[in-house]
Amino acid sequence: MRAGERFRRAAALAGGAALALALGACASMPDDGPVMESTVQVDTAGEIAFNVQGPAVDAGPEQLVQSFVSVAQFAPASASTANVAREYVLPSAWSGWDRTSRVLVLSQYPEWQSAEVEEGATSTTVEGVAQVVATVDEVGVYTELAEPSTVDVSYQLVRGPDGQWRIGGLDDGLLVLANFLGDSFHRTTLSYPTPDRQWWVPDVRWFPEQSWRTAATREILAGPPAHLAQSTISVVPDGTTLAIDAVTVDEDGVVDVSVTSPISGASAEDRALLVAQLSETLRDREGRSVVLSDGSSPLATESVAEPSRPLTVGDALALVDADGVPTLQRVVGRELTDPAGPYWLDGLDPTALGVGPEDGATVVRDGTDRLVRVSGEAPVELLVGTDLVAPGVDRFGTVWTADRTAVRAVLPDGAVVAVDGDWVDGRQVRSLAVSPEGARLAVVLDGTEGPEAWVAAIERDADDVPTGLAAAARVGAPVGGVTSAAWFEESTLILLGRDADGAEALYLAGVGGLAGPGGGESRLYTSPSGVTRVTAGVGGASPPLVVDDDGTLQVRQSAALWPSIAEGVVAVAYPG
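The sequence shown begins at -10 in my numbering and counts up one residue at a time.
Next up, the structure:
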């Protein structure tokens, strides 16, 4: 099932599940003692209220399991909801259940089955097959699956002396409907500084809603994850942990982070950067302030120039064929204007281009096998190769491309280096795009079942020369026929792929799971028909631009409005 089909089904499933929870008038029963009525109202994220209730009196095994799964998926959102879910489970089973070890994100609830229960039987097993579309691991890493995967799940039930069934055994992990993932888990952007302390590098995780700040702080104090270890830095002294196992927010909205004594070994500059890092991660765009404490004593911190969030700097350039004469034009709003500097296109057959940030180097692909820098005082040949992909230019002035054998980077001094990653494994690259902060590379390459989009951190030496690509994460796995990827938001790609009918279509795919409704899954992005090229930038001033198969350049103004800017456009690119 492709991303577009999933998205259409998910809305109906969410409505049905919410209705089932709202109308299920069940009684709530503790693990022992007399039956009692209980209704707990839980306000989940997004201002959706769910009427979460305990087990119904005389509920059969299958009904009990379905009700438990419906309630338990919201347990990460609040302690009161977890207490209601606990009513379905015997104390010994509850205490041994590790619900955070993995989260299975489902397209729909399983159909539960159990053997016929004989009169007087005190145990039975309820089984089902879950259709899993994504997973979240124990540290909040979200993985979207290319195709729904079936997972067998089972619950062992025990009937007590009062005749009521309870769950006596269950597998570790949690089942959550895709459309409810964002209600129970907080999509959190961990921010790590680049080595030059100029930019934040985002790392998206999904943490339980009621404790997401605590979980995020643990990750920040532990330092960058392995795949970012060579692309970002940590300013936290070894051994620094939370002094108490909680991050609190007071009535004024101040976030208090109390850490252990090794923090005293950090320099004043590093402590200030840590506070900025925690603030960027924990305030959740709400303007909250963060106080860092050594135990119970607030630490004095000096002001520091905070790193910037990833942002595309500069206008897009369009390569226009004017009666057989190639020209470069700056895209400003809904118009093409003359660019700031001279460009050298005489004698070239430009088929793609890359643009550096802040009026940096402009590079074109000449035919299919040559890169030429066309900005500056004269054209300069940068690289000759076979089937070169469209170039990109990062903030360091390094030009990125790939040929049939490797990803290659052309340094500002003209040297060419192969940038290897084990996951590339000799597969042909079809497209690449460098993120604005220069720490991540999005790559489309051939896979066993067709083209695939991946994102990897760029490893650099002390002189900012690329030395390798870290372990990569697949992005937009359900999207078929991907031909190119562009950065759309700091942790989002816009993919040019194909829909269920085989037509060209745009999709949004999250690096670490997409924000908004849909449980992190990739989704269709409304666009004109016949799109052959797409570029986008990070930040509100860089709307997506597309070129169709007739060479018409269009800009997105709204989901249904893509006005035309120009015709005869061969290629278009934002800086990056």
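Here a beta-carbon is modelled for each residue, glycine too, at the ideal position from N, C-alpha and C.
Along the chain, where does the alpha helix (DSSP H) that runs through residue i open and close?
{"i": "Q266", "result": "A257 to L271"}
{"i": "S247", "result": "Not the alpha helix (DSSP H): S247 falls in the beta strand (DSSP E), residues V244 to V248."}
{"i": "R75", "result": "A68 to R75"}
{"i": "A82", "result": "P80 to S84"}
{"i": "S173", "result": "L170 to S173"}
Please state whether DSSP places residue i in a helix, a strand or coil.
{"i": "A562", "result": "strand"}
{"i": "S90", "result": "coil"}
{"i": "S143", "result": "strand"}
{"i": "R186", "result": "coil"}
{"i": "V444", "result": "strand"}
{"i": "Q219", "result": "coil"}
{"i": "L53", "result": "helix"}
{"i": "T203", "result": "helix"}
{"i": "S27", "result": "At S27 the pLDDT is 28, less than 50, meaning the model places this residue with poor confidence and gives no usable figure here."}
{"i": "P517", "result": "coil"}
{"i": "S424", "result": "coil"}
{"i": "L334", "result": "coil"}
{"i": "P251", "result": "helix"}
{"i": "L210", "result": "helix"}
{"i": "V500", "result": "coil"}
{"i": "A311", "result": "strand"}
{"i": "A64", "result": "helix"}
{"i": "V46", "result": "coil"}
{"i": "S59", "result": "helix"}
{"i": "E133", "result": "strand"}
{"i": "E556", "result": "coil"}
{"i": "E493", "result": "strand"}
Leaving out the 5 sequence neighbours to the left and right, which residues in its chain are closer than 7 Å to residue i when beta-carbon positions are compared?
{"i": "P65", "result": "S173, F174, P197, E198 and Q199"}
{"i": "Q120", "result": "L95, S96, Q97, P137 and T139"}
{"i": "A74", "result": "F57, V60, A61 and A64"}
{"i": "G381", "result": "G343, W389, L421, A422, V423 and G565"}
{"i": "G212", "result": "S223 and V225"}
{"i": "G386", "result": "G345, G349, A350 and P401"}
Thinking just about the alpha-carbon of each residue, which of the options is nearest to the one in residue i?
{"i": "A504", "options": "A74, R194, V190 and V41", "result": "R194"}
{"i": "P446", "options": "A215, E133 and E76", "result": "At residue 446 the sequence reads Ala, which differs from the Pro that was named. Measuring from the Cα of A446, the nearest candidate turns out to be A215."}
{"i": "D304", "options": "T316, D335, V293 and E347", "result": "E347"}
{"i": "A461", "options": "L421, D435, R487 and V413", "result": "V413"}
{"i": "S282", "options": "L262, G117 and S250", "result": "S250"}
{"i": "G619", "options": "D312, D310, Q62 and V418", "result": "The requested residue 619 is not part of the displayed model; the chain covers only -10 to 565."}
{"i": "A555", "options": "E370, V373 and E324", "result": "E324"}
{"i": "S424", "options": "V344, E438, V106 and P401", "result": "V344"}
{"i": "R88", "options": "V165, V468 and D312", "result": "V165"}
{"i": "V396", "options": "A404, V388, V408 and G403", "result": "V408"}
{"i": "G117", "options": "T124, E51 and V361", "result": "E51"}
{"i": "L217", "options": "T132, G457, G322 and P533", "result": "G457"}
{"i": "L146", "options": "R319, V293, V106 and L534", "result": "V106"}
I'd like the list of long-range same chain contacts for residue i, defined as Cβ closer than 6 Å, with 5 residues on each side in sequence excluded.
{"i": "V244", "result": "V238, L271, R277 and V279"}
{"i": "D192", "result": "L179"}
{"i": "D453", "result": "F385"}
{"i": "S143", "result": "T114 and E116"}
{"i": "A261", "result": "T290, E291 and V293"}
{"i": "P455", "result": "A398, V408, I447 and R449"}
Within a Cβ cutoff of 8 Å, which residues of the same chain sit near residue i, ignoring the five residues on either side of it in sequence?
{"i": "A549", "result": "T515"}
{"i": "A204", "result": "G129, T177, R194, F196 and P197"}
{"i": "A492", "result": "S518"}
{"i": "E441", "result": "V433, L434, D435, R463, A466 and V471"}
Looking at the secondary structure, which residues open and close the beta strand (DSSP E) in which residue i lies?
{"i": "S285", "result": "First-last for S285: undefined, no H or E at that position."}
{"i": "W476", "result": "G469 to E478"}
{"i": "E370", "result": "V369 to V373"}
{"i": "E576", "result": "No answer is possible for residue 576: it lies beyond the span of the chain, which begins at -10 and ends at 565."}
{"i": "E295", "result": "No beta strand (DSSP E) contains E295, which DSSP labels as neither H nor E."}
{"i": "G157", "result": "W154 to L159"}
{"i": "T113", "result": "S112 to D126"}
{"i": "A431", "result": "R429 to G436"}
{"i": "G457", "result": "P455 to L458"}
{"i": "Q543", "result": "L542 to V544"}
{"i": "L166", "result": "L163 to L166"}
{"i": "T357", "result": "Element bounds for T357: n/a, residue is neither H nor E."}
{"i": "D537", "result": "L534 to D537"}
{"i": "R463", "result": "A462 to V464"}
{"i": "T229", "result": "Counting along the chain, T229 falls outside any beta strand (DSSP E), and DSSP gives it neither H nor E."}
{"i": "R397", "result": "V396 to V399"}
Using a Cβ-Cβ distance under 7 Å, would residue i count as near chain B?
{"i": "D141", "result": "Within the model displayed, chain B is absent; a lone protein chain is all it includes."}
Given 8 Å as the limit, is there contact between the segment 144 to 154 and the segment 44 to 59, that is, 3 or more CB pairs closer than that?
yes
Check whether the segment 227 to 234 touches the segment 534 to 545, counting contact only when three or more Cβ pairs, one atom from each stretch, lie closer than 8 Å.
no
Quick one: any contact between the segment 63 to 83 and the segment 105 to 119, if contact means 3 or more CB pairs under 8 Å?
no
For the structure I just gave you, are there three or more beta carbon pairs, one from the segment 301 to 321 and one from the segment 256 to 266, closer than 8 Å?
no
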